[in-house]
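Numbering (our numbering), first residue to last: -17 to 248.
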């Protein structure tokens, strides 16, 4: 780690660092004033592994140098660990759009490292930060996004069930609007358990669906085999597991939102 002297006379952020972050390592360029020499700058370029301990060591080093602002490009998702650690350590952290940085004119040929160029434009305030939600919102967003993924996965699994029933010439989806409700699940459970008599299967209908017993008997007249039963059991088990995960996420989301209940009510 060697601080090299440079000379600048523009209005700049005095102590700034810029990060070029990859999967395995992060290149950190730090630019600070040279004590006792107004207008002169000291520059340091250090490469750190992206492991947590190394990133914490980088935070400590930047704090010792008095760095107030750390800037990084939004490259893939590699920026997130460094951003969150620096944010938690109390630094002002800027995430900037890589496209905006690339299109800025005036990059000297001597600045071969992206971190050096990024540090220079950051200290001159030539770039604006992108919005990064606060931690509470990021947590809620992660939960809701994963919930959406699970709902999509559940829909796909239900479609597999419907396709399997069609393959077995079981036309219950043409009669019942929701084969995953109480009546439908009882009928499917009976099929898995070995029941093949259409009259018996139709009798699992509840409430308004009982008005369609004749249609249900016709719908259950097919060639459902043990092979279909095996696959159907796996598919329904997957749906039940996803339902349980969604319920767990709903509870967690509710707990995250609860502190803001009064504000939401207003």
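Ideal Cβ positions, reconstructed from N, Cα and C, are used throughout, including at glycine.
Where do the ends of the beta strand (DSSP E) carrying residue i lie?
i           : result
residue 174 : That residue, residue 174, is in no beta strand (DSSP E); its alpha helix (DSSP H) goes 164 to 175.
residue 54  : 51 to 55
residue 157 : From DSSP, residue 157 is part of no beta strand (DSSP E); its letter is neither H nor E.
residue 22  : 22 to 31
residue 1   : -2 to 3
Quick test of your reading: residue i and residue j, contact by CB under 8 Å. State the CB separation rounded to the nearest angstrom.
i           : j           : result
residue 73  : residue 49  : 7 Å
residue 147 : residue 159 : In fact, because the Cβ distance is near 14 Å, the residues do not count as touching under 8 Å.
residue 112 : residue 67  : Actually they do not touch by this definition, with Cβ atoms about 18 Å apart.
residue 57  : residue 80  : 6 Å
residue 83  : residue 105 : With a Cβ gap of about 14 Å, residue 83 and residue 105 do not count as contacting.
residue 180 : residue 197 : Not quite, the Cβ-Cβ distance comes to about 11 Å (not below 8 Å), so this is no contact.
residue 2   : residue 124 : In fact, because the Cβ distance is near 26 Å, the residues do not count as touching under 8 Å.
residue 8   : residue 32  : 6 Å
Ordered along the chain, which non-local residues of its own chain (more than five positions away) have a Cβ less than 8 Å from that of residue i?
i           : result
residue 86  : 103, 108 and 109
residue 149 : 210
residue 129 : 228, 231, 232 and 235
residue 39  : 30
residue 186 : 165, 168, 169 and 172
residue 142 : 217
DSSP on residue i, reduced to helix/strand/coil?
i           : result
residue 203 : coil
residue 273 : As shown, the chain starts at -17 and ends at 248. That puts residue 273 outside it, with no answer to give.
residue 241 : helix
residue 16  : coil
residue 95  : coil
residue 182 : helix
residue 86  : coil
residue 235 : helix
What are the start and end residues of the alpha helix (DSSP H) that includes residue i?
i           : result
residue 118 : 117 to 149
residue 77  : Unbroken run through residue 77 is the beta strand (DSSP E), 74 to 78; no alpha helix (DSSP H).
residue 42  : 34 to 46
residue 64  : 61 to 70
In chain order, what residues of the same chain have a beta carbon less than 7 Å from the beta carbon of residue i, not counting five sequence neighbours either side?
i           : result
residue 36  : 30
residue 177 : 183
residue 117 : none
residue 98  : 11 and 27
residue 140 : 162 and 221
residue 242 : none
residue 215 : 174
residue 202 : 152, 154, 180, 183 and 184
Given residue i, which residues of its chain have a CB within under 6 Å of its CB, disregarding the five upstream and five downstream residues?
i           : result
residue 167 : none
residue 93  : With a pLDDT of 46 at residue 93, under the threshold of 50, the predicted position of this residue should be treated as unreliable, though the coordinate-derived value follows. Excluding sequence neighbours, residue 93 sits near 99.
residue 132 : 224, 227 and 228
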